[in-house]
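Worksheet for the structure shown next.
2 protein chains.
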Amino acid sequence: MAANSRLTIAVHILTWLALAHRRGTELLTSDEVAASVNTNPVIIRRSLGDLRRAGLVTVRHGAGAGWSLARVPEEIVLLDVYDAVEGEPLFGMHHTEPNLECPVGKGIRPVLGDVYGKAELALRAELGRTSIADVLRETLQVS
Amino acid sequence: MAANSRLTIAVHILTWLALAHRRGTELLTSDEVAASVNTNPVIIRRSLGDLRRAGLVTVRHGAGAGWSLARVPEEIVLLDVYDAVEGEPLFGMHHTEPNLECPVGKGIRPVLGDVYGKAELALRAELGRTSIADVLRETLQVS
DNA sequence: CCTGCTGTAACAGCCTCTATTACAGTCGAA
DNA sequence: TTCGACTGTAATAGAGGCTGTTACAGCAGG
Numbered sequence: 153m154a155a156n157s158r159l160t161i162a163v164h165i166l167t168w169l170a171l172a173h174r175r176g177t178e179l180l181t182s183d184e185v186a187a188s189v190n191t192n193p194v195i196i197r198r199s200l201g202d203l204r205r206a207g208l209v210t211v212r213h214g215a216g217a218g219w220s221l222a223r224v225p226e227e228i229v230l231l232d233v234y235d236a237v238e239g240e241p242l243f244g245m246h247h248t249e250p251n252l253e254c255p256v257g258k259g260i261r262p263v264l265g266d267v268y269g270k271a272e273l274a275l276r277a278e279l280g281r282t283s284i285a286d287v288l289r290e291t292l293q294v295s
Numbered sequence: 153m154a155a156n157s158r159l160t161i162a163v164h165i166l167t168w169l170a171l172a173h174r175r176g177t178e179l180l181t182s183d184e185v186a187a188s189v190n191t192n193p194v195i196i197r198r199s200l201g202d203l204r205r206a207g208l209v210t211v212r213h214g215a216g217a218g219w220s221l222a223r224v225p226e227e228i229v230l231l232d233v234y235d236a237v238e239g240e241p242l243f244g245m246h247h248t249e250p251n252l253e254c255p256v257g258k259g260i261r262p263v264l265g266d267v268y269g270k271a272e273l274a275l276r277a278e279l280g281r282t283s284i285a286d287v288l289r290e291t292l293q294v295s
């Protein structure tokens, strides 16, 4: 499957907001963010909507509208972003119910669910170790 | 994105082969496996093809054909299966190249690649801790 | 040679993701 | 109060992946 880029887009947005804030720009519009990410402003607004529902950004409406971080970048970790934009579990179960007369078909799903849950926890723990401030710092070092 | 069920299907197949072998049945056809997974035999053959290319199962052609495990179930871990059937990385990068004149657009991709790599390593380590023998044992306990 | 099964192509249906257009809603500023 | 800029979201389109299905050539034991 072709992996989606939601997490990448969202982290990019937040990193850009963090840099703008540090430079003294309090608010950015979706058009301004879209210019950095190089995609359509609606894509950005949809992602920002997810981030707003998760409490990571705040929006100001009307004239002079725009977006800003709801917390300092040190207190936003990539796990927060992951939860904000990714809904589905990593691994899917059978599309059709397995044959319950077969001992494997009958019992395998909870076993797999357990293993998949542990694997996701390991992934989440790793995503919790990096903050937007970390990403911003390393990004500026690279360039 | 709706997660695919490739890993689930492949683990189901291998667990079923392990149980059949323990019961004295050396070879299973794709039709027999499909009856347990409850899907089309071609789906099973496609998955078995991935597993064969990864060296996890062996196939016998001609009359009396069928499949069997290439190693004992204790020596096949879910990470082997994951590598056999999943190709794409977990998180995708930008579809279009970000704006390189923006400092974030210019430097964020290697930073994200590094974080994503670490997260995948954590996931893989966890998948390496469970074998087909573990799955079979727990599956039979459940039922 | 026959037969049963593999290996794979081709296709359809469904769904997701990205991208884009359009437009109503919102609210500060003039 | 009106204007204008921007948000929020619906609708739509194209591309591509996954599952499921049919079809058929290839293989090899009996």
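Those sequence lines, one after another, are chains A and B. The first sequence maps to residues 153 to 295 in this note's numbering. The second sequence maps to residues 153 to 295 in this note's numbering. Even for Gly, the Cβ is constructed at its ideal location relative to N, Cα and C. None of these values were measured; they are calculated from a predicted model.
Cβ of residue i within 8 angstroms of any chain A Cβ
| i | result |
| --- | --- |
| A277 of chain B | yes |
| T181 of chain B | no |
| P115 of chain B | Limits of chain B in this structure are 153 at one end and 295 at the other, which puts residue 115 of chain B out of reach. |
| P255 of chain B | yes |
| I284 of chain B | no |
| L203 of chain B | no |
| V194 of chain B | no |
| E178 of chain B | no |
| H173 of chain B | no |
| L264 of chain B | yes |
| L159 of chain B | yes |
| A215 of chain B | no |
| A271 of chain B | yes |
| L200 of chain B | no |
| W168 of chain B | yes |
Cut-off 7 angstroms between Cβ atoms - residues of its own chain near residue i, not counting five sequence neighbours on either side
| i | result |
| --- | --- |
| A222 of chain B | G207, L208, V209 and T210 |
| G218 of chain B | L179, L180, T181 and R212 |
| T137 of chain B | Lying outside 153 to 295, the shown extent of chain B, residue 137 of chain B is not represented and no answer is given. |
Proximity test, Cβ basis, 8 angstroms: residue i and chain B
| i | result |
| --- | --- |
| A155 of chain A | yes |
| S188 of chain A | yes |
| I260 of chain A | yes |
| V209 of chain A | no |
| A274 of chain A | yes |
Same chain only: Cβ atoms within 6 angstroms of residue i, ignoring 5 sequence neighbours per side
| i | result |
| --- | --- |
| A285 of chain A | P225 and E226 |
| R276 of chain B | L231 |
| L279 of chain B | L230, L231 and Y234 |
| R158 of chain B | V237 |
Bridge partners - residue i, DSSP secondary structure assignment
| i | result |
| --- | --- |
| T177 of chain B | Bridge partners of T177 of chain B: none, in fact. |
| L221 of chain A | A:V209 |
| S283 of chain A | A:V229 |
Next on the checklist: Check whether the segment 157-167 of chain A and the segment 234-252 of chain A touch, using three or more Cβ-Cβ pairs below 8 angstroms as the test.
Outcome noted: In this structure the segment 157-167 of chain A lies against the segment 234-252 of chain A, because at least three pairs of beta carbons, one per stretch, are closer than 8 angstroms.
Checklist entry - Looking at C-beta atoms only, is the number of pairs between the segment 241-253 of chain B and the segment 270-282 of chain B that lie closer than 8 angstroms three or more? => result yes
Checklist entry - Is the segment 171-186 of chain B close to the segment 258-269 of chain A, with three or more CB pairs under 8 angstroms? => result no
Item to check | Proximal residues, the segment 221-252 of chain B versus chain A, C-beta separation under 7 angstroms | outcome: From the segment 221-252 of chain B, only L230, E240, P241, L242, F243, G244, M245, H246, H247, T248, E249, P250 and N251 have a Cβ closer than 7 angstroms to chain A.
Checklist entry - For the segment 245-254 of chain A against the segment 180-196 of chain B, are there 3 or more C-beta pairs whose distance is under 8 angstroms? => result yes
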